[in-house]
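Residues in the sequence shown are numbered consecutively from 32, following this note's numbering.
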Amino acid sequence: MKKILIMLVVLLSANLISADTLMGQVSDSDSGEAITGVSVYIKNSNKGIITDKDGKFTITSLEPGEYNVIFQRLDYKILEQVINFPDDRILNIKMLKKPTEIEGMKVSSTVAVERETPVTFTNMSDDMIDEANFGQDIPMLMNELPNVFSYADAGSPMGYSNMKIRGFDQKRIGVMINGIPLNDPEDHNVYWVNMPDFAESISNVQFQRGVGSSIYGISTFGGSLNMQTNTTKAEYGSEVFGNYGSYNTIKSGFKTTRNIKDYFKLNLRLSRIISDGYRDNSATEQWAYFTGLSRIGARSITELNFYGGKEITHAAWYASYEGDLEENHQHNPITYDNEIDDFSQPHLELHHSFMINKNMSTKNSLFYIKGNGFYEQYKFDRDLWEYGLVDSSDTIEADLIRQKKVEKNQYGWVGNLDWSHYLGNLTIGSYISIFDSEHWGEVKEVIGSDTLDIDFAKGHEYYNYIGEKQYYTFYANELFQPMQNLNLMANLYYQIINFQFQQNESGNFTGEYLNSYKVEYNFFNPRFGVNYNFNEAMNVYANISFAHREPTDDELFDTWDGPDDLGVAPLFAEADTIVVGDQIDHIEWSDPYVRDEKLIDYEIGFGYDTGSWKVKTNLFWMDFQDEIVGYGGVNDEGSPIRGNADETIHRGVELEIETELLADLKWSGSFSYNDNYFEKFIMKDWDENWNVIDVDYSGKKIGGFPEIIANS
């Protein structure tokens with residue numbers, strides 16, 4: 032009797048629950064494991080839900096009848112099942128995973144693989160990024176990776192931040208997002224302040240140290256950072272997030288991942304970060320957005336990404352004297368309240384990968400990056416001739432407020448063909464980038480202008496110049512496996528770089544004060560490496576890599592001068608005066624004093640991975656020739672100018688350890704030792720009588736980077 036009562040209760044409960052309710056569980060057809068994040072919905076209706084962590088779902092308020100139920104997750108084949116409700120009220124669904132070849136097509140060809148690619152690198156997974164991210168800039172997020180040194184101007188982890196690796200600055204570190212180079216073509220820098228809260232939209236990161244396997248974009252010396260966005264990430268759902276921290280730092284935002292019809296996935300994020308900054312007058316306000324639309328078909332992946340940010344950041348980029356810091360450790364020498372950087376930089380990307388057959392695939396990417404903004408400064412006792420407000424120099428000086436503005440456009444294409452053949456993998460491809468920029472300066476206010484004998488109007492333009500730059504790159508990368516435990520890498524790329532510069536008439540920039548030049552660089556950069564796996568746990572690798580880097584736009588001018596300074600010429604040996612009619616139109620320059628940089632990178636490394644223990648260590652020796660430095664040369668008159676150091680050495684050792692102490696407790700740490708010095712460098716300088724002298728820096732240490740870095 033007791034058993035009969037229990038059965039009646041169970042049957043009654045089931046009928047009560049399922050009278051208008053469809054329920055079930057979704058699992059992997061091969062492994063049997065529950066699948067979370069599956070979109071389950073009734074076709075041609077607004078009824079739907081996402082499976083929970085146990086793969087379960089419930090859809091309520093259904094009328095009796097026939098329904099087409101759709102089950103969809105991007106990394107699984109879409110499934111449509113016809114049911115008769117309420118007869119089919121409890122479903123047990125098995126889904127087939129899409130071929131791994133399709134998923135792998137999204138990965139950039141510059142990404143290295145453990146125990147295969149013979150380069151030095153560290154990966155950050157999606158979980159690691161989520162755990163560490165609280166809104167900081169990417170350099171601060173990378174700060175605990177081996178041999179990475181990051182810092183921020185404001186003393187807080189967002190705003191103007193920078194990173195160095197192995198003693199190389201940001202200009203010599205290549206950055207890619209979804210295989211698209213991020214470094215500015217003109218100055219090679221990465222302005223992370225224009226990418227606020229970007230960690231919320233990336234799913235994995237690989238930081239390669241040394242020249243690595245990067246095969247296009249700017250030449251990488253110190254390392255390359257490869258980031259993949261989470262456009263095709265399988266999980267679905269919405270999230271509202273927020274953080275509060277020191278110095279009134281507030282991060283808030285919203286993100287969601289949704290299906291659109293049967294095959295498309297929408298990934299959306301909006302966020303805002305504000306902070307007073309650690310240093311005085313270093314506040315920042317940043318808005319960020321990311322929109323990704325993706326489709327994974329039977330043989331293809333298509334992604335459309337639109338992302339960027341808008342930032343207004345108070346300047347804190349100057350160092351403080353030690354005495355000022357003793358009185359106020361938050362001291363900022365910039366006291367003008369509105370000395371701000373105001374900039375936006377939207378990115379548009381279209382990626383399409385197609386699997387021709389099981390051994391061959393192609394990927395093509397189109398991109399457009401737009402930059403627009405200014406920074407404002409208060410300048411004391413300025414010669415108004417330099418600003419085009421009077422006709423002759425040294426006549427009137429005044430304080431003024433100026434804005435330096437820029438507008439940039441970059442268009443590009445990256446394409447490759449990937450062939451997995453019998454004994455390895457071959458990738459061939461090309462990269463084309465077309466860049467243009469316009470720089471100009473405006474005088475916002477002249478202090479006391481009403482008492483001065485000048486003709487001033489707000490917004491007066493005092494300089495204007497344009498830059499145009501083109502990159503054409505052709506590359507081939509072969510990872511050859513002659514035997515099961517041996518991989519050989521041959522990486523070849525040829526690069527053509529053209530840069531054109533032209534000053535336009537503005538203010539007192541006219542005639543002989545207008546300069547132009549055209550430069551071209553042709554680089555061939557081969558890289559070779561070998562990886563040998565002793566067994567399932569141990570491997571050893573070695574590589575030798577060659578790299579070149581062309582001078583940036585500012586490196587073709589002297590150390591303290593630039594194209595916005597009236598009466599300053601670029602650092603070129605030959606000048607041709609262009610005359611139109613009987614007037615000097617401009618000066619055309621050729622044969623730059625500053626040479627391109629050259630690097631040979633030697634690496635050898637060892638890996639040990641048993642699951643519970645993971646150890647990676649490597650030695651590096653980087654022979655750096657013609658490093659561009661201040662006062663590295665002399666002009667035809669014998670005066671010291673920016674130039675090249677003959678040879679510098681960057682060498683050291685790096686170590687990573689990770690171990691599982693308990694079932695749910697892991698420990699990881701890293702250690703690096705760096706020995707960076709000038710092998711041969713004679714600096715040109717002046718003595719107290721303004722005579723040019725030689726200062727021998729050969730054998731001396733290079734400053735600006737720690738000798739020892741350890742993290743745990």
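Glycine included, every Cβ here is placed at the ideal spot set by N, Cα and C.
Asked	Found
Please go through the stretch 451-496 and give each complete beta strand (DSSP E) segment of 3 or more residues, from N-terminal end onward.	455-477
Report yes if the CB atom of F88 is closer than 8 angstroms to the CB atom of G55, and no otherwise.	yes
Between the stretch 387-401 and the stretch 443-462, can you find at least three pairs of beta-carbon atoms closer than 8 angstroms?	yes
So for I80, helix, strand or coil by DSSP?	strand
How would you label A329, buried or exposed, when you count the other beta carbons within 10 angstroms and need 16 or more for buried?	exposed
Going straight from the alpha carbon of R146 to that of A573, what length do you get?	12 angstroms
Is the CB-CB distance between I249 and G205 below 8 angstroms?	yes
How is P623 classed by DSSP in three states: helix, strand or coil?	strand
Shortest alpha-carbon distance to S232 belongs to which of G472, L301, N556, T148?	L301
Do F152 and Q237 have their beta-carbon atoms positioned less than 8 angstroms apart in this structure?	yes
Quick one: using the 10 Å Cβ neighbour count with 16 as the cut-off for buried, is E162 buried or exposed?	exposed
Please specify which runs of the alpha helix (DSSP H), each continuous and at least 4 residues long, are wholly inside the stretch 626-707, giving them in chain order.	none
Which value, in whole angstroms, describes the spacing of the CA atoms of F565 and Y320?	47 angstroms
Would you mind working out which of F712, S729, Y704, N722 sits nearest P737, comparing C-alpha positions?	Y704
Give me whichever residues DSSP pairs with A185 in a beta bridge.	A185 pairs with nothing; no bridge assigned.
Checking the sheet assignment: what are the DSSP bridge partners for N553?	I527
So what's Y548 in DSSP terms, helix, strand or just coil?	strand
Considering only C-alpha positions, which residue in the set F116, I109, A429 is nearest to K98?	A small fix is needed here, since residue 98 is Tyr in this sequence, not Lys. The residue with the shortest Cα to Cα distance from Y98 is F116.
Taking DSSP's pairing of strands, which residues face Q259 in a bridge?	N235
Just to confirm, is the Cβ distance from E581 to Y552 under 8 angstroms?	yes
Would you be able to state if there are at least three C-beta pairs under 8 angstroms between the stretch 649-661 and the stretch 671-687?	yes
Rounded to whole angstroms, what is the Cα-Cα separation between D627 and L335?	36 angstroms
Please report the residue range of the beta strand (DSSP E) in which A314 lies.	Neither: A314 is in no beta strand (DSSP E) and is coded neither H nor E.
How should M514 be labelled, buried or exposed, when 16 other C-beta atoms within 10 angstroms of its C-beta is the threshold for buried?	exposed
Among all the DSSP beta bridges, which residues are the ones paired with H360?	None, per the DSSP bridge assignment.
With A573 as the anchor, note down where its beta strand (DSSP E) starts and where it stops.	569-580
According to DSSP, simplified to helix, strand and coil, what is N535?	coil
Whole angstroms is fine: what's the gap from A230's alpha carbon to R289's?	20 angstroms
Could you check the C-alpha separation between A143 and S384 for me, to the nearest Å?	19 angstroms
Who are Y502's beta bridge partners in DSSP?	S464, I528
Which residue comes first and which comes last in the alpha helix (DSSP H) that contains I160?	157-163
Relative to the C-alpha of L686, which candidate in N178, F655, L127, M171 has its C-alpha closest?	N178
Nearest-angstrom Cα distance between S643 and E691?	5 angstroms
Could you tell me which residues DSSP pairs with R120 in its beta bridges?	None; R120 has no bridge partner.
Can you give me the C-alpha to C-alpha distance between S621 and K341, rounded to a whole angstrom?	38 angstroms
If you draw a straight line from the alpha carbon of G276 to that of M189, how long is it in whole angstroms?	12 angstroms
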